[in-house]
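**Q**
In full-length UniProt numbering, the protein residues as written are 1 to 418.
Here you go:
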């Protein structure tokens, strides 16, 4: 009986999503299955090309700058020409750039090439976000983004597994397989998803209710504040993949296998529970409230490691921070969509992507600097404090949103009476 109820719950959670959402998520899965080059880039530069760690850091800095600029470019282009051509062209050009990068040997060549690679590759992200918004209805939007995140996480896990195997054979294979998955993803879009022109995007979304009248995200003060809070959240969350493994290794004395198995909990829990949990939670509370709860959970996960410095806390940390991610990230997508309009959705998506890109670049440096000066526990206290402040920020933003909504209702009522 319990098994039947569980199966029915999963059917209900995944049911009702439009076919285009499934195809879009499948494209994301294939694309992320090719995520091999960037995770192994530092090893490739230091072990295969025999450059220094400083050289590798310079290359990754160029990747980060290209990523931020690519998100901005992708958002602009999405609003000008539509998400469909931006997605397809971004993937095609990214595939070509991976092939070109495989022939680069000097640091200046690699820096220039990887800058343009991330510039073109990250233009895909805001276009993809706008595509999900177009293909889904408002009531299915949070689950649609959750499915896309599921595909992304599954692809990432598969890509890293295959990448490790290919790197052992020869690093050159990473570039060609990564490029092949990009081109394949582009072809899947062109074959299985209908070309949606910019005017069609706007017509299809014209009936949607927008939370703000701002013509640009840069004039939407609530959204700008939201982006700052997203950046703070992302800096805290991304410590899971750079500083936390060092804590597991140096303080908890865990070996690489144990660290890998614990970090894998993140992907497993997302795959097993995220969409079902979103199905049960969506529309129960405002998005910003769920985001605040998720942010507090991320902060609590770091406090756990300061209170219980034992091996078993690594598993508990991974569980708590993963559920913090599940509570926060899908609803972040719902919130930025609610602020946007069809004609500026790409720019809203771009700012959201840029917040994560900026955090991806700065998080390792901030973490390493603070740990070097005050130790792991000091950094974990700082992270917990940032999460508390960010959660309070989300709570205050929710009050601002309520005030804004009442103001809009007050403006509409006289017009309706007239």
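Even for Gly, the Cβ is constructed at its ideal location relative to N, Cα and C.
How is residue 35 classed by DSSP in three states: helix, strand or coil?
**A** As a first step, residue 35 must be located in the chain shown, where it is residue number 35. Correct three-state label for residue 35: coil.
**Q** Closest by CA to residue 185, which one among 57, 25, 13, 367?
**A** Residue numbering aside, residue 185 sits at position 185 when the chain shown is read from its first letter. Here the closest residue by C-alpha is 25.
**Q** Under a Cβ-count criterion, where at least 16 other Cβ atoms within 10 Å of its own Cβ denotes burial, should residue 70 be classed as buried or exposed?
**A** Taking the first residue of the chain shown as 1, we reach residue 70 at position 70. By the Cβ-count criterion, residue 70 is buried, with 16 or more other Cβ atoms from all chains shown falling within 10 Å of its own Cβ.
**Q** Restricting to Cα atoms, I'd like to know which of 79, 142, 303 is closest to residue 379.
**A** Numbered from its first residue, the chain shown carries residue 379 at position 379. Nearest C-alpha to residue 379: 303.
**Q** Going by C-alpha to C-alpha distance, which of 81, 387, 140 sits closest to residue 346?
**A** By 1-based counting over the chain shown, the position of residue 346 is 346. Nearest C-alpha to residue 346: 81.
**Q** What are the complete alpha helix (DSSP H) segments, minimum 4 residues, inside the stretch 286-324?
**A** 287-307
**Q** Is there contact between the stretch 53-73 and the stretch 117-130, where contact requires at least three CB pairs shorter than 8 angstroms?
**A** yes
**Q** Using a Cβ-Cβ distance under 9 angstroms, would residue 123 count as near chain D?
**A** Of the protein chains in the structure, only one exists, and it is not chain D.
**Q** Put residue 445 into one of helix, strand or coil per three-state DSSP.
**A** Not covered by the structure: residue 445. The range shown for the chain is 1 to 418.
**Q** How about residue 334 and residue 405: do their beta carbons lie closer than 9 angstroms?
**A** Counting from 1 along the chain shown, the entry for residue 334 is found at position 334. Counting from 1 along the chain shown, the entry for residue 405 is found at position 405. No, they are not a contact pair.
**Q** Tell me which same chain residues have a C-beta within less than 7 angstroms of the C-beta of residue 140, skipping the five on either side of it?
**A** The residue labelled residue 140 in the question sits at position 140 within the chain shown. Within the same chain, residue 140 has close Cβ partners 16, 17.
**Q** Looking at C-alpha atoms only, which residue of 385, 361, 83, 391 is the closest neighbour of residue 292?
**A** In the chain shown, residue 292 corresponds to position 292, counting from 1. Minimum Cα distance to residue 292 is reached at 391.
**Q** Using C-beta distances below 7 angstroms, list every residue in its chain close to residue 44, excluding the 5 sequence neighbours before and after it, in chain order.
**A** The sequence position of residue 44 within the chain shown is 44, counting from 1. Once the five neighbours on either side are set aside, the close Cβ partners of residue 44 are 171.
**Q** Smallest Cα separation from residue 127: which of 100, 307, 343, 168?
**A** Here residue 127 is taken as the residue at index 127 of the chain shown, counted from 1. Per the Cα distances, 343.
**Q** May I have the straight-line CA-CA distance separating residue 416 from residue 407, to the nearest angstrom?
**A** Within the chain shown, numbered from 1, the residue matching residue 416 stands at position 416. Within the chain shown, numbered from 1, the residue matching residue 407 stands at position 407. With a pLDDT of 49 at residue 416, under the threshold of 50, the predicted position of this residue should be treated as unreliable, and no value is reported.
**Q** Within 10 angstroms of the Cβ of residue 218, are there 16 or more other Cβ atoms? Answer buried if so, exposed if not.
**A** As a first step, residue 218 must be located in the chain shown, where it is residue number 218. The residue in question, residue 218, is exposed, as its Cβ has fewer than 16 Cβ neighbours within 10 Å.
**Q** Which whole runs of the beta strand (DSSP E) in the stretch 327-413 are 3 residues long or more, in chain order?
**A** none
**Q** Can you give me the Cβ contacts of residue 307 inside the same chain, cut-off strictly under 6 angstroms, excluding the 5 residues immediately before and after it?
**A** Here residue 307 refers to the residue found at position 307 when the chain shown is read from its first residue. Closer than 6 angstroms at Cβ, skipping near neighbours: no residue.
**Q** Would you identify the three-state DSSP class for residue 418, choosing helix, strand or coil?
**A** For the purposes of this step, residue 418 is identified with residue 418 of the chain shown, where counting begins at 1. Confidence at residue 418 is low in this model, with a pLDDT of 48, below 50, so its placement is unreliable and the value that follows should be read with caution. Coil.
**Q** Flag this pair as touching only if the stretch 150-163 and the stretch 32-46 have three or more C-beta atom pairs under 8 angstroms; answer yes or no.
**A** yes
**Q** Beta-carbon separation of residue 419 and residue 84 under 9 angstroms?
**A** In the structure as shown, the chain begins at 1 and stops at 418. Residue 419 is therefore absent and cannot be evaluated.
**Q** Quick one: measure Cβ to Cβ for residue 98 and residue 175, integer angstroms, because I've assumed they're closer than 8 angstroms.
**A** Here the question's residue 98 lines up with position 98 in the chain shown. Here the question's residue 175 lines up with position 175 in the chain shown. Contact flag correct, Cβ pair sits at about 5 angstroms.
**Q** Looking at the structure shown, is residue 122 part of a helix, part of a strand, or coil, going by DSSP?
**A** Along the chain shown, one-based indexing puts residue 122 at 122. Looking at residue 122 - three-state DSSP - the assignment turns out to be helix.
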